[in-house]
Structure formats: C-alpha cells, structure tokens
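Take 0 as the starting number for the sequence shown in numbering that gives the first Met the number 0 and just add one per residue.
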Amino acid sequence: MTSTRTADAATGPVPPPSSATALPPSVGAFRYTRFAPRLPSLGVDGMEPGCHPVVIAGGGPVGMALALGLANHGVRSVVLEADDTVCVGSRAACISRRSLEIVERLGALPAFLGKGLPWSVGRSFYKTAEVFRFEMPQDAQQKLPPMINLEQYYIEQYLLDEIERRNAATPGLVDIRWGTELTALAQDEEGVTLDVRNALGAYRLRGQWLAACDGGQSFVRKSLGLALEGTGYEGRYVIIDIELHSGHPTERRAWFDPPWNPGSTVLMHRQPDDIWRIDYQLRAGQSTEDALQPEAVAEFVQRHLDAIGEGHLPWKTVWTSVYRAGAMTLDSYRHGRVVFAGNAAHAMPIFGVRGLNSGFDDADNLAWKLAFVAQGLSGAALLDAYSQERIAAFHINAESAMRSTEFMSPPSRGFDLLREAALSLSEAHRGIAQLINPRQTQAVRYDDSALSSAGDTLPAGPLPGEAMPEQPLAQGHLTDWIGPVFTLLVLRPDVASLPAVDIAQAEQGALPFAVRTIAGLGCEGADAQASDAVLAALGASDGAIYLLRPDGHVAARWRRLPAGALPAALARAAVAAAVTSQDIPA
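Laid out in structure tokens, this is it:
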C-alpha cells in the first residue's frame, strides 16, 4: 500500500558493507583499488587554512560528476568520500542517452561507450508468454545509443579516471579525500565550516558552498534536520548480481507472475564482464533476511535460470542487496549555503531508470550555476533556480516512475486486479499491452523556469527550457557545439543577421559566451553545415537563433534577433532576477 509520509532514507538500497571487511578484490575484469586517507596542512587549531570555493560531500557518481562539471568552469572543489574506494555492486546500472551527453561534456564518454553494453529493446512476459515488446528510438542519425548497461563501480571508476587526468594537467583541481567522514557542519553568511575525520585524525575546513551528494542516507540532510517527503511503497526487491556466461542479447526482460516465482515480478539485465543483474519482488510476509541467505539466493537463481533455459550454465553470486521503492523529495534543494543533489535530494523508484540519470541531470544543472555563483558572475538566486527546476523535474519523473512502480509492484488488491486484467488481455489486445510500457527516462523540459525568455514562435524545434536534441551535421553532431558557455546558435546565418553591438558586448562580457553558426549544405563560412531536414526539424528553414545554456537547455529562441534581446536573455538566464533569493550574499 502506498503512503504519503515524511521519510529519512526510507527507500533505496541498503547501505553496502564496509569495504574494510567486504570488498572483493575483483568482479569480472574490474579490479578494486583502495585509496589511502591523508591530512592536509593544518593550523595549530586543527583548521585547514583558507576557504575552498566548493566542498562536495560524497564521492559517488553524482559527486564526481559535479566536481568535473565545476572543473569545466575552472572552479576547484574538495570531495569528501567516507569509503576508500568506488562502490560495490551494480547499483545504478542503466545510463540514458541524455546522461551520456552529460558524460561526454565531462570527458568520460569514450570509456563509458567502450565498456557499456548498448540496448534498445525490452520484452515483458506474463507467466511464460511474451505480451509486450518495446524499442526505444534509435537510428543512424543518433550519435549515442538510447541506453547502455554499465555497473556503477565502472561508472565511478571512469569518472575518477577523468578527474585524475584533469588533476595531472591542473594539480588540485578536484581534491578527493578518501576515507574521510563528515561528522559535523555549521553554516553562516560567508560559508560552511565542516568537521571531518579519517584514520589519521580529525580536522576542520571551510567552504564557500557545500554540495550534499552523499546519497540516500545523507548525513548533511540529517544534520540540517531535513527529511524527504512523498510516497513510499511497501514492496521490496532483492537485487542479485551473478556471473553467468550466457549468449543472450542485451535487452530488458520482465516476467510478471512467473510460475517459478508466482505473484511476483522478476527483471533481468545483462551487464559487462558476463555479469547479469536479477531483481525480484519479495512476496508479502517473506523475510528480507531469509531471502538474502546464500542458500536462498542460490535456490532462487537456479530456479530462474532453469525456467528460462539457462540452468545448465555455471554461475556464481557476485553481490546482493535489497531495494524498497519510493518517490520522495526535499521541498527545496538549497538551504542557505548548502545545495543538495542526487539521492541526498530525492528518492526515485528504479523502474524507468530515473535514479542515477536524475542525479546526472542534477549535477549538470547545478555545476554551471554553482560555478557562476562561486566566481561572482551571478547572484545566489541562481541556485534557487536550480532548486526550482530540478524539483519540477522530480515531479515529472516521479509521476511516470510511480505509475511503473504501481504496475510492477501493486500496492493494493485493487491495483493487483487491474494489473492481472491488463496482463491477461495484453497478448491478444496490443492496445492494452501499452499499459505495460515501462516508460524509460528521457530529457525533461523546464517549463516554468525563471531563467527562460519568451522569444519567438518557431514552426518546430525545442522550446525554451527544453534540451537541444541531437541532430547530425555534415561536421559531427549538434551536441558537439554545446560547451561550458552560453552558446548563441545561429542557424542559416545567411538570412539571420545579428546585432553587432550586442554580440560584441556579450563576447567581451564576464559571462562565458560563444557564437556558433550552422548553414545549409554547400554554404561556406559557417562552423558547420546541416541538411534541409535538420534545419526544418529545428524550425530554421528560414533561419532561427537559439541561446543555449551551458547545460544545453534552451534559454531563448528567435526568428530574428532584435537589438537588446540577447543581453536581456543572458542576464535573465545567468542572474535569475525573477527568482526570490534567500538573503545570503553571493
């Protein structure tokens, strides 16, 4: 049964065992590395001298993505990570196309694509009959696959590798402090004071801003007396990673009420290194502790493999965990000098893979805003806009995720009867089968963003607040032109004249800004060329101009750029004057 309640980390996977006692030396081809703690230079009072622009609590994928995003803007950060290595287990294993676009801007895309397994097809079964098949959009025009499967320990390692590459070029750009636990914090008008400890001792440090990326059990959230609010579900899922040498293709498979686990739901995903992830729903009254016993895990996995025709293959258990779904959020992602991202800010059901993908979107949205504020380019109201945009995105994502959760794990007898009816009819009635669609994650439009300007109506193309979609160009792809700057994207510059004074002012101003031009095929003098079909898809057959934010979302768009419109749109997008700011100086 669902319930609306205040919760503190009531959902998500259970905390992993301490790496000091449970860290495996390897999983498949992956080898774990432990990182030693260290102490910085300290004053006689145990305080680290100076004040860091940004301190990030949590060195998981969201924390590292935020650190890399800040580094793109030249902002240094300190990352406090309580563990001494990357995570154990597959955890958030599905990475969406939108997240891959973000990862590309962070510099880690080649590693993700080199190891990850792309997929676009999913199949659902009722008992043993296939009743639904979906295929996510994928064609030769796209640069990136709609989804890849990649275990979270690889995700974290590849982000860490990129951090180390950045630090080799700019020492100390991202200062990761492994095995360092945050024990207390206090904020004032100028920043945040943090008490930390590791195996070598305790000390204090200061940061202008603290970004809480410390997960579902967030210490920062608890320290501020905050709690997630929303809907929790009683249904529990066991997650089992196994090593299995199977030739089955990479796709999502879901079984509803299978004979080998009646009344339950089972999911199965292939991952790199012959690691397969199985999620299965515990029945009411079934003990979590009993279900995680090695003999119970072995018995279930063997029964499942026997049922799908792979019981003859050797396999071994790699990792197990338990998950309880919930859709919960903080009421604000900014509290004074503290901002929240990822699972520290919200809990999202796993169905539709909106967990880590939402976290990557948080980091992408926050990085440029926090960088601008830390550099004095924008007022602190810009961080209120981050909160407003990402909370709105949470509600959009949660609506779809909750529908999927209530189908995957019915919260009441009424939901159960509806699901049974839909499943039993879906094989013969394809329209009804659409009810089984898992509604995979996709880019969210910030409909009511205070950072967007109205601009002009175009016959097609992304609206203000939407992410600029991928399009093929004669020279690469459209997203290749999105950088850590405000980008004025001029489509068909042969007809789209620009106000020279405004352009010069923007190029010489404090905000990072660039002009990119895309002409029709055969037209010279532009940065790139696009086909008539691409220009039409962007509403630019007769020319168009888009102002893109550093995260690739549209801030404004025009048929023709009138004098004064560009500086006004830049000011609105970077300063968020229309947003009510908390009374803390930037």
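The beta carbon of each residue, even a glycine, is placed where N, CA and C say it ideally should be.
It should be emphasised that the depicted structure is a prediction, and the values quoted were computed from it without experimental measurement.
Cβ neighbour criterion (16 or more within 10 Å) applied to residue i
i           : result
residue 571 : buried
residue 114 : buried
residue 40  : exposed
residue 156 : buried
residue 282 : exposed
residue 160 : exposed
residue 493 : exposed
residue 46  : exposed
residue 244 : exposed
residue 336 : buried
residue 567 : exposed
residue 227 : buried
residue 224 : exposed
residue 574 : buried
residue 362 : buried
residue 298 : exposed
residue 96  : buried
residue 521 : exposed
residue 278 : buried
residue 551 : buried
residue 289 : exposed
residue 51  : buried
residue 268 : buried
residue 501 : buried
residue 30  : exposed
residue 305 : exposed
residue 333 : buried
residue 360 : buried
residue 569 : buried
Closest by C-alpha distance to residue i, when choosing among the options
i           : options               : result
residue 103 : 144, 90 and 305       : 144
residue 280 : 52, 152 and 303       : 303
residue 539 : 136, 564 and 470      : 470
residue 588 : 239, 96, 272 and 520  : Summary: the structure shown does not reach residue 588, with the chain confined to residues 0 through 585, and so no result is reported for it.
residue 559 : 550, 498 and 536      : 498
residue 266 : 292, 301 and 123      : 123
residue 241 : 362, 219, 293 and 231 : 293
residue 368 : 68, 531 and 84        : 68
residue 528 : 488, 462 and 141      : 488
residue 451 : 237, 557 and 52       : 557
residue 526 : 491, 510 and 542      : 491
residue 477 : 454, 449, 444 and 515 : 515
residue 390 : 349, 448, 372 and 371 : 448
residue 231 : 349, 544, 305 and 141 : 349
residue 141 : 117, 565 and 130      : 117
residue 218 : 193, 208 and 202      : 193
residue 453 : 508, 512, 370 and 553 : 553
residue 53  : 109, 98, 205 and 178  : 205
residue 180 : 376, 172 and 203      : 203
residue 555 : 445, 64 and 517       : 445
Check: residue i C-beta below 7 Å from any heavy atom of the ligand PLP
i           : result
residue 376 : As for the ligand PLP, it is missing from this structure, which has no ligand bound.
Which residues DSSP lists as bridging residue i, in chain order
i           : result
residue 118 : 146
residue 46  : 203
residue 26  : 29
residue 134 : 120
residue 197 : 200
residue 528 : 518
residue 557 : 544
residue 174 : 77
residue 191 : 186 and 206
residue 445 : Residue 445 pairs with nothing; no bridge assigned.
residue 125 : 128 and 255
residue 53  : 76 and 208
residue 180 : 196
Q. Are the stretch 80 to 90 and the stretch 52 to 67 in contact at 8 Å, needing three or more beta carbon pairs?
A. yes
Q) Does the stretch 383 to 397 come within contact of the stretch 327 to 345, defined as at least 3 CB pairs closer than 8 Å? A) yes
Q. For the stretch 204 to 284, which segments carrying the alpha helix (DSSP H) assignment without a break, of at least 4 residues, lie completely within its bounds, in sequence order?
A. Listed in chain order, they are 218 to 222.
Q) Below 8 Å, can you find three or more Cβ-Cβ pairs linking the stretch 199 to 215 to the stretch 335 to 351? A) yes
Q. Counting only runs that start and end within the stretch 315 to 362, where is the beta strand (DSSP E) found for 3 or more residues in a row?
A. 337 to 339
(Q) Counting beta carbon pairs with one atom in the stretch 352 to 369 and one in the stretch 255 to 262, are three or more of them shorter than 8 Å? (A) no
**Q.** Stretch pair the stretch 29 to 45 + the stretch 190 to 209: three plus CB contacts closer than 8 Å
**A.** yes
Q) What are the start and end residues of each continuous beta strand (DSSP E) run of 3 or more residues lying completely inside the stretch 451 to 519, in chain order? A) Look at the stretch 451 to 519 and you find these whole runs of beta strand (DSSP E), each 3 residues long or longer: 485 to 490 and 512 to 519.
**Q.** Complete runs of the alpha helix (DSSP H) confined to the stretch 65 to 120 [at least 4 residues]
**A.** 96 to 105 and 108 to 114
Q: Kindly confirm or deny that the stretch 22 to 30 and the stretch 159 to 177 touch, where touching means at least three C-beta pairs closer than 8 Å.
A: no
Q: Check whether the stretch 474 to 489 touches the stretch 147 to 161, counting contact only when three or more Cβ pairs, one atom from each stretch, lie closer than 8 Å.
A: Judged by Cβ distances under 8 Å, the stretch 474 to 489 makes no contact with the stretch 147 to 161, as fewer than three pairs qualify.
Q: Could you pull out every unbroken alpha helix (DSSP H) segment of at least 4 residues lying fully inside the stretch 364 to 409, listed in chain order?
A: 380 to 407
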